[in-house]
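Numbering (the working numbering), first residue to last: 293 to 426.
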């Protein structure tokens with residue numbers, strides 16, 4: 293069993309060997325607080341900024357009317373309605389080769405559009421997609 297004298301000697305030995313840990317306990321609070329403020333602010337900003345993209349699209353439907361064209365219907369929502377936007381629409385065959393492509397220009401004005409576009413193809417297509425909008 294340790295006595296009071298042994299505990300004091302043990303504490304002195306531990307302090308001499310490992311240093312003073314009582315003052316060092318609070319030193320991590322300063323960098324952690326700075327990291328929390330900067331990192332938390334950046335996380336909130338990036339979540340808000342990237343959850344609302346400039347242009348968002350949804351493919352509603354497509355249909356292959358004949359072997360030389362594909363009809364595509366899609367919805368586009370833009371954040372900045374004061375300028376025009378462009379979407380690249382593609383049609384693909386059964387091996388995923390692009391057999392038709394068109395650039396659809398959306399005029400400035402409104403924020404929400406539902407568009408219907410016909411994509412001419414060189415051979416029969418089986419699917420259509422929105423490649424990119426900007």
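Using N, Cα and C, we set each Cβ at its ideal position, and we do this for glycine too.
Classification of residue 396 by the beta-carbon crowding that lies within 10 angstroms, buried from 16 upward: Answer is buried; the Cβ neighbour count reaches 16.
Bounding residues of the beta strand (DSSP E) (the contiguous stretch that carries residue 392): Start and end: 390 to 398.
Euclidean distance between Cα positions of residue 333 and residue 421: Rounded to the nearest angstrom, the two C-alpha atoms are 37 angstroms apart.
Three-way DSSP call (helix, strand, coil) for residue 325 in this model: In the structure shown, residue 325 adopts helical secondary structure according to DSSP, grouped into three states.
Bridge partners - residue 369, DSSP secondary structure assignment: DSSP lists 348 and 404 as the bridge partner or partners of residue 369.
Where the beta strand (DSSP E) containing residue 459 begins and where it ends: In this structure the chain extends from 293 to 426, so residue 459 is not present and cannot be described.
Whole-angstrom C-beta distance between residue 370 and residue 340, which should lie under 8 angstroms: Their Cβ separation, rounded to whole angstroms, is 18 angstroms, which puts residue 340 and residue 370 out of contact at 8 angstroms.
Residue(s) in a DSSP beta bridge with residue 410: Paired residues: 363.
Residue burial classification, residue 417 (beta-carbon count within 10 angstroms, cutoff 16): Buried: at least 16 other Cβ atoms inside 10 Å.
Residue 301 to residue 328 span [Cα, whole Å]: In a straight line, the C-alpha of residue 301 is about 40 angstroms away from that of residue 328.
Which of helix, strand or coil DSSP assigns to residue 419: In this structure, residue 419 counts as strand in the three-state DSSP scheme.
Close Cβ partners of residue 401 (< 8 angstroms) along its chain, the five nearest in sequence each way excluded: Short of 8 angstroms from the beta carbon of residue 401, and not among the five residues preceding or following it, lie these beta carbons of its own chain, in chain order: 373.
Nearest candidate by alpha-carbon position, reference residue 419, set 426, 351 and 406: Nearest of 426, 351 and 406 to residue 419, Cα basis: 351.
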